[in-house]
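Counting from 1, position 153 in the sequence shown corresponds to residue 151 in my numbering; the numbering is continuous, with no gaps.
Beta carbons are placed, not taken as given, at the ideal position from N, Cα and C, and that holds for glycine.
Remarks on the structure that follows.
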Amino acid sequence: MDRFLSSAVNRIDAKGRVSVPAHFRSVVQRRGYQELYALKALDRPALDVGGLDLLDRYETRIAMEDPFLQTADDMSYFVHGDSDFLKLDQDGRITVTEFIRGHTGITTDVAFVGRGTFFQMWEPSQLAAYGAQVRERLMKLRQAGMTGAPGGGSE
-1 MDRFLSSAVN RIDAKGRVSV PAHFRSVVQR RGYQELYALK ALDRPALDVG
49 GLDLLDRYET RIAMEDPFLQ TADDMSYFVH GDSDFLKLDQ DGRITVTEFI
99 RGHTGITTDV AFVGRGTFFQ MWEPSQLAAY GAQVRERLMK LRQAGMTGAP
149 GGGSE
């Protein structure tokens, strides 16, 4: 499988490093990533982490904007100024820097969650709260679909 799936929580060691889950490292290796691009998520205390293809996706979107408008400038600041490259050491660990800690609130443990073509790094209790919110929103959508769909939406 060439996707980041599942989730795991790993403890930060005494030297400030955390092991990236083995199944995520295998995706990184299969995709040939030499370094990881990390971007502060816009609307949540998490980092989006992937290869250069993630950065390319954002830069393609920026290129569609008029370079003389504020939107292009804002997007460039977000994609380039609120990001960093993370290095995996030979044992598959990332140093948990102030860039990571400051945005996520991570202290002793890191929650990793797969998002398909990239993964996220969270403070574990923040991820748990976010996951509960996601499930609640999806349940509301399901319930609305069941009551609002032609034929009652039942199967």
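### Query
Would you report the Cα separation of Gln88 and Phe66, rounded to the nearest angstrom?
For this step, residue 88 is matched to residue 90 along the sequence shown. For this step, residue 66 is matched to residue 68 along the sequence shown. Those two C-alpha atoms are separated by around 43 angstroms.
### Query
Going by C-alpha distance, which of Gly79, Lys138 and Ile104 is nearest Tyr35?
The residue you call residue 35 lines up with position 37 of the sequence shown. That would be Gly79, whose Cα lies nearest to the Cα of Tyr35.
### Element boundaries [beta strand (DSSP E), containing Leu37]
To locate residue 37, count along the sequence shown from 1; it is residue 39. From DSSP, the beta strand (DSSP E) with Leu37 extends over Leu34 to Lys38.
#### Entry: Nearest residue (CA-CA) to Arg42, options Leu125, Phe22, Leu139 and Val18
Here residue 42 refers to the residue found at position 44 of the sequence shown. Per the Cα distances, Leu125.
### Message
If you reduce the DSSP assignment to three classes, tell me which class Phe2 lands in.
### Response
Working through the sequence shown from its first residue, we reach residue 2 at position 4. Reduced to three states, the DSSP call for Phe2 is strand.
#### Entry: Contact under 9 angstroms by Cβ, Phe97 with Asp82
Within the sequence shown, residue 97 is the residue found at index 99, counting from 1. Within the sequence shown, residue 82 is the residue found at index 84, counting from 1. Contact: yes.
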